[in-house]
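**Q** Would you mind keeping the following structure in view while I ask a few things?
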Amino acid sequence: MEALWNKFDLNRPPTNSWRPSPGEFDTTHFICEINKCLKDSSLQNTLHTEAALLSRLIYRMKWKFRNDKGLKKLIVQFDYLKDNIVIDKNNILLPSKQMLDYVLVKIQGFAKLMCKIKSTCMDAAKFFKSKINIGHAWTTSLIAYSVISRLWILSQDYVKQCCDWYRNLYMYRDKLKCVGVNWLPSNYTFPLDLKAWLSVEWEEQNDKCPIKEDLTSSID
1 MEALWNKFDL
11 NRPPTNSWRP
21 SPGEFDTTHF
31 ICEINKCLKD
41 SSLQNTLHTE
51 AALLSRLIYR
61 MKWKFRNDKG
71 LKKLIVQFDY
81 LKDNIVIDKN
91 NILLPSKQML
101 DYVLVKIQGF
111 AKLMCKIKST
121 CMDAAKFFKS
131 KINIGHAWTT
141 SLIAYSVISR
151 LWILSQDYVK
161 QCCDWYRNLY
171 MYRDKLKCVG
181 VNWLPSNYTF
191 PLDLKAWLSV
201 EWEEQNDKCP
211 IKEDLTSSID
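First residue of the sequence shown: 1, per the UniProt record's numbering; consecutive thereafter.
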């Protein structure tokens, strides 16, 4: 049976909310964590730009490339979670526990995808590096190698961010209330530590990809 986090068309739980008692829930901190996730994930344009560059390069080399939309769907889910928090002077409405569970599952799936992309980039880089070394079609190989290298470091950086998102949101799982029917299968268990679940040994490295907000304008 396919793992829940690996399902592309994962049905979301019903939109439900609940009203906490005064002092029962740290709403301000919860919103700050969600805003941080949204800010971090807004850098998706860089990943899309590199994917577009690679796609065009592969097209010219008559290869096929499938651009995944996992990050875009993840940002939609963060927006979906944030939109269900309503605060005014007299009322505070919070999303249900099922809705947070859905976001956590999507983070798991996206982190796994980024790990797979990183691994694939390493395999492809070895191929192009060997072509550069022997001087065979080295100009095209060098361009491909540079794009793959940026995708490699971007995917690594996104895994680090996924670990942060998961850790910061998971702490609220037991504080939110379950409203309505349970959404998760009875045998599904969330990992306490996403990094350990991914078996990531390089997550603590300090590699950082420089981000330029106007990078998309460089592609004609």
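Using N, Cα and C, we set each Cβ at its ideal position, and we do this for glycine too.
(1) Alpha carbons only, please: which of 153, 124, 6, 8 is nearest the one belonging to residue 142?
(2) Hey, would you say residue 128 sits closer than 8 Å to residue 148, going by beta carbons?
(3) Quick one: give me the first and last residue of the alpha helix (DSSP H) that residue 167 is part of.
(4) Taking Cβ positions only, does residue 198 come closer than 8 Å to chain C?
(5) If you draw a straight line from the alpha carbon of residue 135 to that of residue 7, how long is it in whole angstroms?
(6) Would you check if the distance between the CB atom of residue 94 and the CB atom of residue 17 is smaller than 8 Å?
(7) If you draw a straight line from the C-alpha of residue 182 to the C-alpha of residue 98, how long is it?
(8) So what's residue 74 in DSSP terms, helix, strand or just coil?
(9) Classify residue 100 as helix, strand or coil using the three-state DSSP reduction.
(10) Could you tell me which residues DSSP pairs with residue 17 in its beta bridges?
(11) Residue 27: which of 197, 169, 131 sits nearest, CA to CA?
(12) Starting from residue 30, trace the alpha helix (DSSP H) in both directions and tell me its first and last residue.
(13) Do you know whose CA, among 120, 32, 12, lies nearest residue 155's CA?
(14) Does residue 183 come out as helix, strand or coil in the three-state DSSP assignment?
(15) Kindly indicate which three-state DSSP category residue 124 falls into: helix, strand or coil?
**A** In this structure, then:
(1) Position 142 of the sequence shown, counted from the first residue, corresponds to residue 142. For the residues 153, 124, 6, 8, the minimum Cα distance to residue 142 belongs to 124.
(2) Start at 1 with the first residue of the sequence shown, and residue 128 comes out as number 128. Start at 1 with the first residue of the sequence shown, and residue 148 comes out as number 148. For residue 128 and residue 148, yes; Cβs fall inside 8 Å.
(3) Here residue 167 corresponds to residue number 167 of the sequence shown, with the count starting at 1. 138-170 is the extent of the alpha helix (DSSP H) around residue 167.
(4) In the structure shown, chain C cannot be found, because there is only a single protein chain.
(5) Taking the first residue of the sequence shown as position 1, residue 135 is located at position 135. Taking the first residue of the sequence shown as position 1, residue 7 is located at position 7. C-alpha separation (whole angstroms): 42 Å.
(6) As a first step, residue 94 is located in the sequence shown; it is residue number 94 there, counting from the start. As a first step, residue 17 is located in the sequence shown; it is residue number 17 there, counting from the start. Yes, the pair counts as a contact, with Cβ atoms nearer than the cut-off.
(7) As a position in the sequence shown, residue 182 is number 182, starting the count at 1. As a position in the sequence shown, residue 98 is number 98, starting the count at 1. Computed Cα separation, rounded: 7 Å.
(8) Counting from one through the sequence shown, the residue named residue 74 turns up at place 74. Low local confidence applies: a pLDDT of 48 at residue 74 is under 50, so the model's placement there is unreliable, and no value is given.
(9) In the sequence shown, counting from the first residue as 1, residue 100 sits at position 100. Residue 100 falls in the helix class under three-state DSSP.
(10) The residue given as residue 17 occupies position 17 in the sequence shown. DSSP lists 95 as partners of residue 17.
(11) Indexing the sequence shown from 1 puts residue 27 at position 27. If we check each option's Cα against that of residue 27, 169 comes out closest.
(12) In the sequence shown, residue 30 corresponds to position 30, counting from 1. Segment 27-41, the alpha helix (DSSP H) holding residue 30.
(13) In the sequence shown, the residue the question calls residue 155 occupies position 155. It is 120 whose Cα lies nearest to the Cα of residue 155.
(14) By one-based count along the sequence shown, residue 183 stands at place 183. Looking at residue 183 - three-state DSSP - the assignment turns out to be coil, as it is neither helix nor strand.
(15) Working through the sequence shown from its first residue, we reach residue 124 at position 124. Three-state result, residue 124: helix.
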